[in-house]
Every structure is written in C-alpha cells, then in structure tokens.
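Protein chains: 2
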Amino acid sequence: MEKVLIYDTTLRDGSQGENISFSSDEMLSIAKRLDQIGVHYIEGGWPGSNARDARFFELAAREGFVNARITAFGSTRKPFTEAADDRNLQALIDSRAPAVAIVGKSWTLHVEQIMENTREENLAMIRDSITLMKDHGREVIYDAEHFFDGYREDAAYALETVTAAARSGADAVILCDTNGGTLPFDIETVFDQVRRSLAAQDLPVRLGIHAHNDCGLAVANSIAAVRTGATIVQGTINGYGERCGNADLITIIPILNLKMGRASIPDDRLAQLKILSRFVSETANLVPLNSRPFVGRSAFAHKGGLHVNAIMKAPRAYEHIDPARVGNKRRVLMSDLGGKSNVVYKAKELGVELGCNGLDCQRIATEIKTLEDQGYQFDVADGSMKILLQKFTEQFKPLFELQSFRVTVEKNQSQPCTAQATIKIAVDGNDEITAAEGDGPVSALDNALRKALAKFYPGLEAMRLVDFKVRVIDGREGTAARVRVFIESRDHNDIWSTIGVSEDIIEASWHALADSFQYKLAKQQEQTEG
Amino acid sequence: MEKVLIYDTTLRDGSQGENISFSSDEMLSIAKRLDQIGVHYIEGGWPGSNARDARFFELAAREGFVNARITAFGSTRKPFTEAADDRNLQALIDSRAPAVAIVGKSWTLHVEQIMENTREENLAMIRDSITLMKDHGREVIYDAEHFFDGYREDAAYALETVTAAARSGADAVILCDTNGGTLPFDIETVFDQVRRSLAAQDLPVRLGIHAHNDCGLAVANSIAAVRTGATIVQGTINGYGERCGNADLITIIPILNLKMGRASIPDDRLAQLKILSRFVSETANLVPLNSRPFVGRSAFAHKGGLHVNAIMKAPRAYEHIDPARVGNKRRVLMSDLGGKSNVVYKAKELGVELGCNGLDCQRIATEIKTLEDQGYQFDVADGSMKILLQKFTEQFKPLFELQSFRVTVEKNQSQPCTAQATIKIAVDGNDEITAAEGDGPVSALDNALRKALAKFYPGLEAMRLVDFKVRVIDGREGTAARVRVFIESRDHNDIWSTIGVSEDIIEASWHALADSFQYKLAKQQEQTEG
Chain Z
767 MEKVLIYDTT LRDGSQGENI SFSSDEMLSI AKRLDQIGVH YIEGGWPGSN ARDARFFELA
827 AREGFVNARI TAFGSTRKPF TEAADDRNLQ ALIDSRAPAV AIVGKSWTLH VEQIMENTRE
887 ENLAMIRDSI TLMKDHGREV IYDAEHFFDG YREDAAYALE TVTAAARSGA DAVILCDTNG
947 GTLPFDIETV FDQVRRSLAA QDLPVRLGIH AHNDCGLAVA NSIAAVRTGA TIVQGTINGY
1007 GERCGNADLI TIIPILNLKM GRASIPDDRL AQLKILSRFV SETANLVPLN SRPFVGRSAF
1067 AHKGGLHVNA IMKAPRAYEH IDPARVGNKR RVLMSDLGGK SNVVYKAKEL GVELGCNGLD
1127 CQRIATEIKT LEDQGYQFDV ADGSMKILLQ KFTEQFKPLF ELQSFRVTVE KNQSQPCTAQ
1187 ATIKIAVDGN DEITAAEGDG PVSALDNALR KALAKFYPGL EAMRLVDFKV RVIDGREGTA
1247 ARVRVFIESR DHNDIWSTIG VSEDIIEASW HALADSFQYK LAKQQEQTEG
Chain H
767 MEKVLIYDTT LRDGSQGENI SFSSDEMLSI AKRLDQIGVH YIEGGWPGSN ARDARFFELA
827 AREGFVNARI TAFGSTRKPF TEAADDRNLQ ALIDSRAPAV AIVGKSWTLH VEQIMENTRE
887 ENLAMIRDSI TLMKDHGREV IYDAEHFFDG YREDAAYALE TVTAAARSGA DAVILCDTNG
947 GTLPFDIETV FDQVRRSLAA QDLPVRLGIH AHNDCGLAVA NSIAAVRTGA TIVQGTINGY
1007 GERCGNADLI TIIPILNLKM GRASIPDDRL AQLKILSRFV SETANLVPLN SRPFVGRSAF
1067 AHKGGLHVNA IMKAPRAYEH IDPARVGNKR RVLMSDLGGK SNVVYKAKEL GVELGCNGLD
1127 CQRIATEIKT LEDQGYQFDV ADGSMKILLQ KFTEQFKPLF ELQSFRVTVE KNQSQPCTAQ
1187 ATIKIAVDGN DEITAAEGDG PVSALDNALR KALAKFYPGL EAMRLVDFKV RVIDGREGTA
1247 ARVRVFIESR DHNDIWSTIG VSEDIIEASW HALADSFQYK LAKQQEQTEG
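Protein sequence lines, in the order shown, are assigned to chains Z and H. My numbering puts the first sequence at residues 767 to 1296. My numbering puts the second sequence at residues 767 to 1296.
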C-alpha cells in the first residue's frame, strides 16, 4: 500500500487558532523540528498576506531541509483578472518555495452568493492559477475548500472544480472539510466517488484530506479518507487551529504507522512525537493537554488498584500500545479507588522501602484512603506521597521543624495589599527566626522559609516553585470551605509536587510548602551521602 | 429508527480522570443537571468501593429524578464464591438504585492470565451476578470490558460471554473499548457480527457502546456503533475520564440529534449543553477547553475579515450548525463591533442604564477587555459586572468604604492555624472598627466585614456565601502567581456572583467579598426605595 504523505499546516492554518501566533523565528524552529521527524510538506504561511510569513520563506530558503518540502499557500487569482498580474500569486513565486498550495472554491454558495462570481469564471480561476504555478516549475497542491459542503449541495459542480484542477496539472488535490461538519461515513462515500470519477477521466491525481474538528471527528475523518484512497493528510501539531482546531497529526501519525500498517514518517521517529508536541505547545505558550492521545501526560496513567495489578502481569491488559513507541511513559497514580497493590507499586517507584507485610500495606492503603476522603489527592503529589510513606514506616527524617509562623496582610483604602511573614524554625536544635515580604501571604511565607533554611542548607537557590494551584474542595461552606493547595517545584534535574489540605488556605499552603522543601533537602542529603 | 439512550458515567468513569474528584454533594448537583437535560441513565459510582459513592446513592434515593434512572456500578462476583454472599453485589442491592451495571471480562488474557481464572468460571460469574440482580428486580446493564480486544484475540469466547449475559436476562449489553485502541472500522465490523450472532440465537438484547479516547476516536467509535445498531451510548460530560478520557457526550448528543437524525435527549434541551459542560468543568475545577466542539468558547469564533463578511451574507458559509442550537454563540474576534454590542446587550440584561453614545460604549468594551486580559472573567460574575458598569457610567453609589484591614494567620508548631481580621470601614462619614476570627483568613475577613456592616444595615443575616472558588491564573510564577477568586452568594430570593483578581489571594478575596456585600446592600436599598 502506498505511503501516506504528512502535510503539516501548523504554521499557516494552526496559527489561525485563538491565542496562537508565532514569530518568523519561531516558525523556523518549528519547521526544523518537523523536518527532523520526517514530515513531507511544511506549509509555511501565506506570503502574499503578511510580512511575517514572507520573512519566514526568506529564512527557510537559506536552510537545508532534508525531508520536507516547504510549501507556500495562496488563493486562486481574483475574478476577471490575469493570473500573471495577481500580486498574491506573484508572492507565491517570489517565496521560492518548491511547492505551493492553491486554495479555490468548490461550493456554489461561496462562488455565487458570497463572491458574487460565476461558476465558469471560478473554474477559469482554478485553471489559470495552477497553470501559472506549473509554468514556474512548482509542485502544486490544490486545496478544494468546502469540498464536502459543496458536494452535498451540487455534486456535479464540486466535481468539475477538482477535475479542472487535475486537468491543469495539479500534482495533488486535497478535499477540505473547511467547516468541520462532515461525518466519517460521508467522508468515505464522497472520497470514493471523487476517486472513481477522476480515475474514469484518466486523471489519476494524488488525493488528500484536510479536516477540522468541529464535531470532534477530525482524526476519524482523516483516517477514513486514507482508507478510501487519500495519500496526503493535512493537519497540525496538537490539532491547533481555528474554532475547534484542525486534524491532530500527533494522533494521526501513530494511528497510520502502528494501527493501520500504513507508512508515513519513519517508524523510528515516532518516539520523537511527544517532544515535538511539547515543543510546539511551549512555543505557542499554550498549556499542554494532559489528556492528549498518545503523548499527553495522562495518556498512560493508571489509577485503579486492579489496573495496576494487571499491568504488572501484562502491560497490554490496559495499554493499547507500548508508550515508549511514541516517546511517552507509564505513570501510576494513587487514588481513593486504589488499594494495596497501588501502594506497593508506588513505594517502589518512589524508592521507599516499605518492608511491610500484607497487613501493614493494607493499613497504609486505608490511611491514604481516609486522607483522600478529607480532600488529599496523592495522584498528583508524588513529593507528599513519598514523605507520607516515610512517615507511615517511621523512616521520615525531618530536616527542619516549625516552631511558629505569623502571616499578616494589610490593606489601606485603595492601596494594594502588603503581605509579611515571620517564621521561626528549628534545625538540629538550633532556632532561626526571620521575616520576609511577598506578593501575597503564601509568597511571603515561601520567602521567609527559604530565608530561614538558607542559614543551614546551601543550594536552595536552584529550587523554584513553578506551579501553584488552589482548589476549594466543597465551596458550599462559603469562605469557611476546605481548600487543597498543590505546589509543583523544580531544580536543575528534577520536578516534584506536594499538597496540603485545610480549612485555612495559609495552613494548606504551609503543608504543601513544607513538604516541597523537605523533599528537596532530603534529596540533597541523599546525593551528598551517596 | 430507534431512540439512542444516553448513559452518563461522569460520576463513575469520569472521576477516574487525573485531577478529578467530586464530593457526594457535587455528585448530586451534577446528577440533577443531567436529569434535567434528559439523560436516560446516570451511573453514580461504585457503592461497594468507597464511602463517598455509597453516600451519593443515599442522597440520590431521596431525590426525585424525572428522566434518568440512577445506576449503580459493580463487577461480577468473585471466582468460586456464591453471588448472594458477594459484598460488592450486596452493596449494589443496598444502594437502592433501580438500574445496575455489572462489568465482566470478555478477554481471555484477563480471564486466564490476569485473574488466573478459568473460562467456564468467568461465564458462571457473569450468569450468577446478573441472575441475582434480576431476582432483586433491577434493570441490568452488562458492561463487557475489553470486548474489542477480547474479540480480536478469541472471538468465539468473547461472544460466549455476552451470550451468557443476554441469556441470564441482562436488559442491555455494552461492548467496551476499555483500552481505547480500536479504530472505527473495526468497531463497525465487530458490532455488526455481535448483533447478528445474538439475533440468530433469538437474544435480541439492546446493545450499547463504551468508548475511550486513546486514539482521539471515542466520538467516532460511538457514532460508528450507533450506525451499526447500538442504542445506548455510554460517555461523560466533556469526555472526562482516565488517560485520554471517555467519549464526550457533549459532542455526541448534537451529532446524533442534528447530524444523524437520531433522537437522544429532547431537541429543545440541546441549548442547555453549553451550560451543562460549563457547570461540570467548574465543579471539577478544570479549565473549560475553548476548542471543545459545539460548546467551546472558540467553537464559533471567527477572525475578522473575509470569514466575517461571508457569515453576514450566509452564516452556513463558515458555520456547520447554528451555534444557538447548542446554547453557544458566534464570536467575532478583534472586531470593535462585537465588543460594543455585547456591552449594550449585557447592560440591558443587568438593568444598568448606559445612556452612552457609541464612543463611550466602545471605551467601556475596551476597558472590560483589558480587565479580562488580566484574568477577570465577567461571564461568570454578573454581580461584579453590574457594579463595574455602574462605575464606568458614574452611577455607582458605594454603600460602605474600606479604610483599612489587617488579617493575621498564626501557627504554633503542629497546632492548627488561627486567623483573625481587623477591619475599619466608613458608612456615610461614620467609621466603624471591629475584629473577628474565622476558619482561615478569608473567613475571618468575611466575618469582620459582616460585623462592621451590621451596625449600619440590618438584614444581612439572610445573606449567605454559598460558593467560594480560587483559580490560579498562571501557575508558572509559583506562589507569586495571580489568582482569581469567585464568590457566589444568596439570600431568600436571589443568587449573585462576584469576582476579584490579584497576586495576593487575600486582596482578590476582598474584592469579591466587597462586591458581594455591595450588591446585596444596593438591592436592599432599591427595594426600600421602591
């Protein structure tokens, strides 16, 4: 079976997504990663529409791309003009991109009502624009916009448009579900009819699919098209794109290679998918989706006790693929539905010697469950979990002890608040009292604790608190409700998370903070001793 | 064609998602909303596994559900025991839920390798458990776990398990793609074969589908099953669930009703889908996904220019359905027209006379946009929105003014924290200074403000703070991150919500509190005057 070519449009259609915009340098760094992983086409933007995209093509022309063809995007010429005079088409030529994507209309609604054009002139626009690009020696990908909507309304005309494109020498014709409203069954039917029709006219052009996710079906529609003859899939990394996004290549690629037996990028590059996904979300400054298929942080996370037990015997019992294939890994979460086997597995993972028989493990599991009923959630707080397991097994060595703290927040009329914390801790019998300010009470407490500990332990500068979350466990008690505070911390080579629960938000924050510093200090001490 | 029954498992399988946990009260409030919208089954949890789920069934038994059958979930009896002695099955009976879901094994890997059971005993477990439930008069939904994986490995045995379930009187058999690794084409093929096989044995049991999203195909797999004969769809609101989540009912329902012509919930309830999606994400304290199909904030967002122009001529040019059908609305991004008309619309809704010309409305829209960029979210805080509009139009009458407050939280060793607040306010030129304690700093501040205001305004006892939520807007700054505090308050006949944003959580809480009391006092005054 023929290879499926991967056509990435993260830089063009992906950047139509709300809150997404890349600089031309960022575009280049994404393009390089896409090339590395073995993508076949990289659509770099619309050089006729803005300076940033034009600049990207300048930068790209100087780079050597190994696998990918850089592709410039633009629409057919304007009605009743000459293609050679069209500034937008000229910009495509000037971009020096070896491939160009020409988008044209398939739907009579757009041709007649929106553009107020004629059907015949629309066909001429398609023909002329493609001919011009072929005359300039470009590979031409023709994007048939709104093809499926157009086909539903006037199948004959929609077919005429792609026939015109194929006859004019387009190397590929992409059927686009621009509004994202088509179901996979209809994608299959229409694809099959178009493929047959073009073959019957002796126009065996390469066919492709461009799907949007407005019905949550962009991946399904893409693979349905592949099954019915498409050999190009257009999509974006992480499915970024306008409205509900485009088809997510990060999901489609492993489905093609691992589940459908269709070659796309080389198999040995699949393990880079997770990093690529992460790189693009970081560049776009969007929070990575934990639940993203294949590459998300939760994609191979297991919660239930029974599940964990089963996975130890046979991973495929609860994993549809080996997570390492796509660069991901298994995670075991602690949860109120878990049991003894979770505790044993987790202790091993965290390097805590339980040294307990079945009965003790059961007792620990029960105590964890009680805490979780109170609002603790250890599946997201490995740091606190480790400390808790050490406490249960009497292996916990406190590296500092709280004597007292006092946090004060003051506000005068409409002036901003000020926050101060005073803290007294003891380390090996030596007391230290100090104070600090902060952006709010928790920040002040964090700063004061850090300052007090610095006296005894060097090296805390490398530790940073990178995430802070507050969840009111049951808001119905109003301001007296219980809150859960979650803190994520990191140093040069590690990342850990801790948790605290209390009716008092400062106390909950204190517990999470104290665990975080305790975890870091214990780690430092182990390294020194080891 | 037969109606498709919607089986919601947000409360059970959905809460297996990382970072998701509901209190039993929250479970009940979600269940009520699900019932309202016309869902047919609400799986409330696993009463045999934990106290919280058991409590939910107690609460649910006291409620009147109009449309939905409350369903309790549990597994088949343990191997080589009596069903009547099984504590887990007993818990299902004790739950008093009118319907029960019994999950059993279909895959020989699980039966033999994981459970170390025999094939025959597994069949007996299925038979006995279902028979017991039928003897107790329950409707029985049989969940065939790992059905598709099992069928791939040993089709004959997988079929035997569901045949056993159907013969024992199960009212419905659900084929589960537990690991989420199956493609829609295979779902269709297997579904068709199972349906034929059961029909040939004269066992015309109702069939259903339970899909997971590990390949981004849960929605596609669900509708593929419906197309091949499934008339129950199990899924969760927003697709919450373990790993990559379950099938998203918020997407599936409008596809069934609007695109496949299959009745599920009543058509006139579709417009509640957006609010339901939002309610569940707020209750789970998860950020709503802007790109969520149908209901996301971006689902019908159009960037300015050609698209907007086209939409003014014919909305279907770029919208696959009318957004109002699912309770959503079109958004035009970066368009001054959009912002301004929103403000006018909202002011009218809140009863604020803007009395401003176009230019002023534009200025207000811009200022609101600036605040929203800083983290305010006025769509969930009508109380604060009203006060803000009054401030902008110089109609705001402050009914108290803050002179100063000081909040102190103290902790000594492992004693619980204590929190005190001192506050000084002015009402009509009269100062009042007072102090109060509380469960945490915000509670202390709330109590102190209430005490100080009581001196000037009677009737505040009727006002209660019923919900309090904290969201860290960008956690990356650690403990110095900005937080948004949301407060919901009510009195005998009204409910209102207010919001505050600051890097200091106490200051953010203060703004939300102050708005809430201001809103209440203004309302009281209007009533007295009116």
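Glycine residues also receive a C-beta, built at the ideal position from the N, C-alpha and C atoms.
In this structure, DSSP gives Ser781/H a helical state, which the three-state scheme calls helix.
At least one C-beta of chain H is nearer than 8 Å to the C-beta of Ser1057/Z.
In this structure, Gly840/H lies near Gly814/H, with their beta-carbon atoms less than 8 Å apart.
Residues are counted here when their Cβ sits less than 7 Å from a Cβ of chain H; for the segment 936-964 of chain Z these are Asn945, Gly946, Gly947, Leu949, Pro950 and Phe951, given in chain order. Counting only Cβ-Cβ distances below 9 Å, Gly1195/Z has no contacts in chain H at all, with the closest Cβ about 15 Å away. By the neighbour-count criterion, in which a residue is buried when 16 or more other Cβ atoms sit within 10 angstroms of its Cβ, Thr1136/H is exposed.
For Cys981/H, a Cβ of chain Z is located within less than 8 Å of the residue's own Cβ. Residue pairing from DSSP places Cys942/H in a beta bridge opposite His976/H.
With at least 16 other beta carbons inside 10 angstroms of its own, Thr775/H counts as buried.
Nearest neighbour of Ser1030/Z by Cα position, chosen from Glu1295/Z, Glu768/Z, Arg778/Z and Gln1293/Z, turns out to be Glu768/Z. In the DSSP assignment, Ala1185/Z is bridged to Val1175/Z and Gly1204/Z. By the CB criterion at 8 Å, His912/Z and Cys942/Z fall inside the cutoff. It is roughly 30 Å from the alpha-carbon of Pro950/H to the alpha-carbon of Asp801/H. Annotation: Val1061/Z is outside any alpha helix (DSSP H) and is labelled neither H nor E by DSSP. Closest in C-alpha terms to Ser1150/Z, from the list Arg1250/Z, His978/Z and Tyr923/Z, comes Arg1250/Z. If you keep only unbroken alpha helix (DSSP H) runs of at least 4 residues inside the segment 902-971 of chain H, you get 913-919, 921-933 and 950-966. Within the segment 1159-1180 of chain H, those residues whose Cβ lies closer than 9 Å to any Cβ of chain Z are, in chain order, Glu1167, Leu1168, Gln1169, Ser1170, Phe1171, Arg1172, Val1173, Thr1174, Val1175, Glu1176, Lys1177, Asn1178, Gln1179 and Ser1180. Bounds of the alpha helix (DSSP H) holding Thr1294/Z are Ile1271 to Glu1295. Buried is the label assigned to Ser789/H, since at least 16 other Cβ atoms lie within 10 Å of its Cβ. Residues of chain H whose Cβ lies closer than 8 Å to the Cβ of Arg1237/Z are, in chain order, Asn1051 and Val1236. Chain H places a beta carbon closer than 8 Å to that of Leu875/Z, counting this residue as a contact.
With a cut-off of 8 Å on Cβ pairs, the segment 1169-1178 of chain H is not in contact with the segment 1285-1293 of chain H, counting fewer than three such pairs. At a beta-carbon threshold of 7 Å, the residues of chain H lying near Tyr1084/Z are Asn945, ordered along the chain.
The beta carbons of Ile998/Z and Tyr773/Z sit closer together than 8 Å. DSSP places Asn1213/Z in the helix class (H, G or I) of the three-state scheme.
Residue environment analysis places Ala1090/H among the exposed positions, since fewer than 16 neighbouring C-beta atoms fall within 10 angstroms of its C-beta. The alpha carbon of Arg1237/H has as its nearest neighbour, out of Glu1119/H, Leu1052/H and Ser1180/H, the alpha carbon of Leu1052/H. A straight line joining the alpha-carbon of Lys1235/Z with that of Ser1263/H spans about 21 Å. With fewer than 16 other Cβ atoms inside 10 Å of its own Cβ, Gln1181/H counts as exposed. Judged by their CB atoms, Gly1007/Z and Ser988/Z are not nearer to each other than the 8 Å cut-off. Of the candidates Leu1055/Z, Pro1032/Z and Thr1294/Z, the residue whose Cα lies closest to the Cα of Asp1014/Z is Leu1055/Z.
Proximity to Ala838/H across Arg1230/H, Arg821/H and Ala1247/H peaks at Arg821/H, based on C-alpha coordinates. For the C-beta of Lys1025/Z, the chain H residues within less than 8 Å are, from N- to C-terminus, Gly947, Leu949 and Cys981. For the pair Arg1230/H and Arg1248/H, the CB atoms are not nearer than the 8 Å cut-off. Val1208/Z reaches chain H at Thr1245 and Ile1271, counting residues in chain order whose Cβ is nearer than 8 Å. Taking 8 Å as the cut-off, the beta carbon of Gly780/Z is found no closer than this to the beta carbon of Ile975/Z.
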